[in-house]
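J.: Structure provided below as structure tokens; questions to follow.
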Amino acid sequence: MSYGASYGLTFDKYRGAVIEDLQLPPAFCIPSSEPIATAIEQAYERDFSHIPVLNSKRRPLGYIDVAALKKKWEAGHTDPNDKVLQHMTKFKRGPEEPYTLITPMSPLADLEKFLEDNVFALVTDNDRKFVLGVATPQDLEHFVTRRGLY
Numbered sequence: 001m002s003y004g005a006s007y008g009l010t011f012d013k014y015r016g017a018v019i020e021d022l023q024l025p026p027a028f029c030i031p032s033s034e035p036i037a038t039a040i041e042q043a044y045e046r047d048f049s050h051i052p053v054l055n056s057k058r059r060p061l062g063y064i065d066v067a068a069l070k071k072k073w074e075a076g077h078t079d080p081n082d083k084v085l086q087h088m089t090k091f092k093r094g095p096e097e098p099y100t101l102i103t104p105m106s107p108l109a110d111l112e113k114f115l116e117d118n119v120f121a122l123v124t125d126n127d128r129k130f131v132l133g134v135a136t137p138q139d140l141e142h143f144v145t146r147r148g149l150y
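If you count by UniProt numbering, then the sequence shown holds residues 1 to 150, one letter each, in order.
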């Protein structure tokens, strides 16, 4: 079975477009040692719903769900000075959860498949050294609407 045939209509839906065609804004990531007050403030300034969390070597550790964190904060279940590390969702890693490489040149059909089981995708360089962007199902929807693809 050829690559395109394995995706059927999904592949045709995007007409061969790749993640780069989404024109995502540059990624905003936050160090795990930052206070959550900073994370929430930065997320709302940039209108981001999820923020990747990096360790001191700039490797992705997990992410902050901004809306969920804000609810905890408003309910008094967190302290603004708590570290991001205390409230992040860790990325699953290991043999049972292999890493899916998503780069600017990955087909949108692959992204759509990945997003069936994930809230968002980190777009990285081929060596996974830099987080270049964050892609969401809404980004795909906007692309389809903008291009008139159905």
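Every residue gets a Cβ at the ideal spot worked out from N, C-alpha and C, and that includes glycine. Just so we're clear, the structure is a prediction, and the values are computed from it rather than from any experiment.
Nearest to Arg54 by alpha carbon, out of Val84, Gln42, Asp65?
T.: The sequence position of residue 54 within the sequence shown is 54, counting from 1. Inspection of the sequence shows that residue 54 is occupied by Leu rather than by Arg. It is Val84.
J.: Could you tell me which whole beta strand (DSSP E) segments of length 3 or greater appear in the region 80–129?
T.: If we require 3 residues or more, the beta strand (DSSP E) runs fully inside the region 80–129 come out as 121–124.
J.: In this structure, how does DSSP classify Asp65 when only helix, strand and coil are distinguished?
T.: Along the sequence shown, read from residue 1 onward, the residue named residue 65 stands at position 65. Residue state, collapsed to three classes: strand.
J.: For Phe143 and Pro95, I'd like the C-alpha separation in whole angstroms.
T.: On the sequence shown, residue 143 is found 143 positions in, with the first residue counted as 1. On the sequence shown, residue 95 is found 95 positions in, with the first residue counted as 1. Cα to Cα, Phe143 sits roughly 33 Å from Pro95.
J.: Go ahead and label His87 buried or exposed: buried means 16 or more other beta carbons lie within 10 angstroms of its beta carbon, across all protein chains shown.
T.: Start at 1 with the first residue of the sequence shown, and residue 87 comes out as number 87. When all chains shown are included, His87 counts as buried.
J.: CA-CA distance, Tyr99 and Arg147?
T.: On the sequence shown, position 99 is the one that residue 99 refers to. On the sequence shown, position 147 is the one that residue 147 refers to. In a straight line, the C-alpha of Tyr99 is about 30 Å away from that of Arg147.
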